[in-house]
Ligand SMILES: Cc1cc2nc3c(=O)[nH]c(=O)nc-3n(C[C@H](O)[C@H](O)[C@H](O)COP(=O)(O)OP(=O)(O)OC[C@H]3O[C@@H](n4cnc5c(N)ncnc54)[C@H](O)[C@@H]3O)c2cc1C
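In the numbering used here, the protein residues as written are 1432 to 1818.
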């Protein structure tokens, strides 16, 4: 059981990383708790992922984008941000910027399936499903992991992509700062009477946030963010009640709204690891940075981070260098932290600003939306971050 690289976790980022390295001939083991059936046919989990242009470019490079049916990757043509009960909105329009779309939406289970179908075509990538990593140890020459069935694997590098609550991050002693927002994100899909015309909405209502992301013309992905103690009341509403509640909160903009899927609840905890590597060990994806979903950057950052690490490894392998060298991991950390730190802290500040229900904060938000609409440079910066 000796490999070049062991990847812990076959979520979207672990699979993306395996695919990024699949052409190198490096011997890779991918260890995942879920069964091979779950990996081959992942179920809808409520998460519709807004992808930036960089992510689309990376997914094209990996041969994944072409695997999505056109209906499975609808564009976001425009976006609107509203605050409180005011009808005033901050507007972003792709047409104004002469671009096709601000971004694209692909469901998490569709991304996972496409990646799995692609990765399993490579003989040098072994997928060990139904197994968890229960311990990790490393020294200057190798890394060693123990699996839940007692098997031992060795490699030159272990890469953890095992979620924001990463157990392997803890096993190697990398600290992480965690912020529990005390809120829950409830996601589902709904059908509505009127078309959405490709417009995404982020409505920061007082106490509760409603995001509506456009899928095919009369269907949208709905994201409700509410205090944790509202969770049961929202989850236990019957489907008709929930439909009326969302329609009313959305000011009947799309007419009647009807649930087409189950509702899924995700507690909101943001996580940023203080380091992205240890000896012969690296963190990628949510294990490195788990974002609040409001700015829709979790997978986008995970994808760009794994790309940085993969490219460092590909260069080292081509020069017959050490693919687990500390200097290589240090370069990965330096580049990835530059992107993640401002995004993580900026997102948390946005959440704080838009969930502050004091009078002055409400006023400040109305002023901020108007300024952002009127100052082209500010709008350009926000649009480029969105994209
Ligand atoms: C409601 C919601 C909406 C979101 N919207 C967006 C969006 O619009 N845009 C965006 O970019 N991101 C979004 N995200 C974030 C995105 O879903 C995550 O960033 C992404 O799923 C992270 O992928 P990952 O592979 O790092 O981790 P995960 O998806 O958490 O996968 C981790 C994998 O590791 C496995 N695992 C865990 N522990 C072990 C172990 N010990 N041994 C073996 N296997 C293990 C798990 O079974 C799992 O398969 C959203 C998230 C939520 C909750």
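Ideal placement from N, C-alpha and C gives every residue a C-beta, glycine not left out.
Item	Value
Given residue 1563, which residues of its chain have a CB within under 6 angstroms of its CB, disregarding the five upstream and five downstream residues?	1464, 1579
Who are the Cβ neighbours of residue 1632 in its own chain at under 6 angstroms, not counting the five residues just before and after it?	1511, 1643
Around the C-beta of residue 1608, are 16 or more other C-beta atoms found within 10 angstroms, so that it is buried, or is it exposed?	exposed
Could you check if residue 1640 is buried or exposed, using at least 16 other CB atoms within 10 Å of its CB as the buried criterion?	buried
Over what stretch of residues does the alpha helix (DSSP H) that includes residue 1663 continue unbroken?	1662-1667
Straight-line CA distance for residue 1530 to residue 1581?	53 angstroms
Name the two residues that bound the continuous alpha helix (DSSP H) containing residue 1746.	1729-1749
Could you have a look at residue 1551 and say whether DSSP puts it in helix, strand or coil?	coil
Can you find a heavy atom of ligand 1 that lies under 7 angstroms from the Cβ of residue 1600?	no
Distance, Cα to Cα, residue 1810 vs residue 1521?	9 angstroms
Spell out a yes or no on whether the region 1749-1760 and the region 1681-1688 are touching, meaning 3 or more CB-CB pairs, one atom from each, closer than 8 angstroms.	no
Ligand 1 and residue 1645: does any heavy atom of the ligand fall closer than 7 angstroms to the residue's C-beta?	no
Does the Cβ of residue 1807 have 16 or more other Cβ atoms within 10 Å, making it buried, or fewer, making it exposed?	exposed
Check whether the Cβ of residue 1442 lies closer than 7 angstroms to any heavy atom of ligand 1, and answer yes or no.	yes
Sort 1728, 1557, 1504, 1598 by Cα distance to residue 1453 and report the nearest one.	1557
List the DSSP bridge partners of residue 1621.	1651, 1690
Ligand 1 and residue 1730: does any heavy atom of the ligand fall closer than 7 angstroms to the residue's C-beta?	yes
Alpha carbon to alpha carbon, what distance is there between residue 1432 and residue 1451?	22 angstroms
For the alpha helix (DSSP H) containing residue 1773, list its first residue and its last residue.	1757-1785
In the DSSP assignment, find the unbroken beta strand (DSSP E) run with residue 1514 in it and report its ends.	1509-1514
Answer yes or no: the CB of residue 1492 versus the heavy atoms of ligand 1, is any distance below 7 angstroms?	no
Please name the residue, chosen from 1569, 1439, 1478, 1540, that lies closest to residue 1757 on a Cα-to-Cα basis.	1569
Using DSSP with H/G/I as helix, E/B as strand and the rest coil, what is residue 1721?	strand
Out of 1784, 1447, 1516, point me to the one whose CA is closest to residue 1795's CA.	1784
In the DSSP assignment, what are the bridge partners of residue 1534?	1507
Does the structure place the region 1473-1484 close enough to the region 1538-1546 that three or more beta carbon pairs sit under 8 angstroms?	yes
Can you name the start and end residues of the beta strand (DSSP E) that residue 1523 belongs to?	1520-1524
Please classify residue 1586 as buried or exposed, where buried requires at least 16 neighbouring CB atoms within 10 angstroms.	buried
For a test of the three-state rule: what should DSSP assign to residue 1480, helix, strand or coil?	strand
If you compare alpha carbons, which of 1694, 1627, 1629 is closest to residue 1656?	1694
Using a 10 Å radius around the Cβ and a threshold of 16 neighbouring Cβ atoms, would you call residue 1801 buried or exposed?	exposed
What's the call for residue 1605, buried or exposed, on a 16-neighbour Cβ count within 10 Å?	buried
Compute the minimum distance between the beta carbon of residue 1557 and the heavy atoms of ligand 1, and state whether it is under 7 angstroms.	no
Regarding residue 1616 and ligand 1, is the C-beta to nearest heavy atom distance less than 7 angstroms?	yes
Given a cut-off of 8 angstroms on the beta-carbon distance, is the pair residue 1819 and residue 1447 in contact?	Residue numbering for the chain in the displayed model covers 1432 to 1818; residue 1819 lies beyond these limits and cannot be assessed.
What ranges does the alpha helix (DSSP H) occupy inside the region 1436-1488, keeping only unbroken runs of at least 4 residues that lie completely in it?	1443-1452, 1467-1471
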